[in-house]
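Asks: For the sequence shown, our numbering assigns the number 713 to the initial residue and increments by one for each residue that follows.
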Amino acid sequence: MSHHHKDEPDSGVAVQTARPQLRRPPLFKVLLLNDDYTPMDFVVLILQKFFGMPMETATQIMLHIHTRGVGVCGVFPKDIAETKVARVNDYARSHHHPLLCTMEEM
Ligand code: TYC
713 MSHHHKDEPD SGVAVQTARP QLRRPPLFKV LLLNDDYTPM DFVVLILQKF FGMPMETATQ
773 IMLHIHTRGV GVCGVFPKDI AETKVARVND YARSHHHPLL CTMEEM
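(1) Below 7 Å CB to CB, which residues in the same chain sit around Val800 once its five sequence neighbours on both sides are set aside?
(2) Any heavy atom of the ligand TYC closer than 7 Å to the CB of Ile777?
(3) For the putative contact between Val787 and Asn746, defined by C-beta atoms under 8 Å, what is the C-beta separation to the nearest angstrom?
(4) With DSSP run on the structure shown, which of helix, strand or coil describes Met815?
(5) With Val784 as the anchor, note down where its beta strand (DSSP E) starts and where it stops.
(6) Can you give me the C-alpha to C-alpha distance between Pro805 and Cys785, rounded to a whole angstrom?
(7) Whose C-beta lies closer than 7 Å to the C-beta of Ala798 among residues of the same chain, with five residues either side of it excluded?
(8) When the Cα atoms are used, what is the spatial distance from Leu739 to Pro789?
(9) Entirely within the segment 718-777 and at least 4 residues each: give me those alpha helix (DSSP H) ranges in chain order.
(10) Taking the CB atoms as reference points, tell me whether Phe754 and His807 lie closer together than 8 Å.
(11) Please list, in chain order, all residues of the same chain as Ala770 whose beta carbon is under 6 Å from its beta carbon, the five residues on each side excluded.
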């Protein structure tokens, strides 16, 4: 049972073929910025609460940010990174700290 009829004109509908390769979604670094006012303990708490770090790792990262000005909290797909940034900034603001969280494409 063929669908092809030689008398039938071409419908003109084009069907596009899919890309042969699936591309990995872009990744984003979530960053914390240093400031002069946010308490060190609060930054350590943030790194534990939102990024699942143990206290020792969180302390090392916090001290890196304090010394160098900026540090990476983790690497995530865009939507996850955006959610982390929003939640960290909301949490910091709700505790009246100026701590700033941002993201950057890798
Ligand atoms: N610099 C702050 C202080 O001396 C501590 C701090 C660390 C603030 C990391 C922000 O992302 C930060 N209290």
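Backbone N, C-alpha and C fix where the C-beta goes; we use that ideal spot for every residue, glycine too.
Replies: This is what the structure gives:
(1) Looking up residue 800 in the sequence shown gives position 88. Excluding positions up to five away in sequence, the list reads Ile758, Phe762 and Cys813.
(2) Along the sequence shown, read from residue 1 onward, the residue named residue 777 stands at position 65. Within the cutoff, so yes.
(3) On the sequence shown, position 75 is the one that residue 787 refers to. On the sequence shown, position 34 is the one that residue 746 refers to. In fact, because the Cβ distance is near 20 Å, the residues do not count as touching under 8 Å.
(4) Your numbering for residue 815 matches position 103 in the sequence shown. The three-state secondary structure of Met815, taken from DSSP, is strand.
(5) Working through the sequence shown from its first residue, we reach residue 784 at position 72. Segment Val782 to Pro789, the beta strand (DSSP E) holding Val784.
(6) Translated into the one-based positions of the sequence shown, residue 805 becomes position 93. Translated into the one-based positions of the sequence shown, residue 785 becomes position 73. Note that residue 805 corresponds to Arg in the displayed sequence, not to Pro. Going from the Cα of Arg805 to the Cα of Cys785 covers about 18 Å.
(7) Translated into the one-based positions of the sequence shown, residue 798 becomes position 86. So no residue of the chain qualifies.
(8) In the sequence shown, counting from the first residue as 1, residue 739 sits at position 27. In the sequence shown, counting from the first residue as 1, residue 789 sits at position 77. Distance between the alpha carbons of Leu739 and Pro789: 5 Å.
(9) Those alpha helix (DSSP H) runs which fall completely within the segment 718-777 and span 4+ residues are 752-763.
(10) Stepping through the sequence shown from its first residue, residue 754 is reached at position 42. Stepping through the sequence shown from its first residue, residue 807 is reached at position 95. Yes. Within cutoff.
(11) Locating residue 770 in the sequence shown gives position 58, where the first residue counts as 1. Excluding residues within five positions, the ones whose Cβ falls inside 6 Å are Val756, Leu759 and Gln760.
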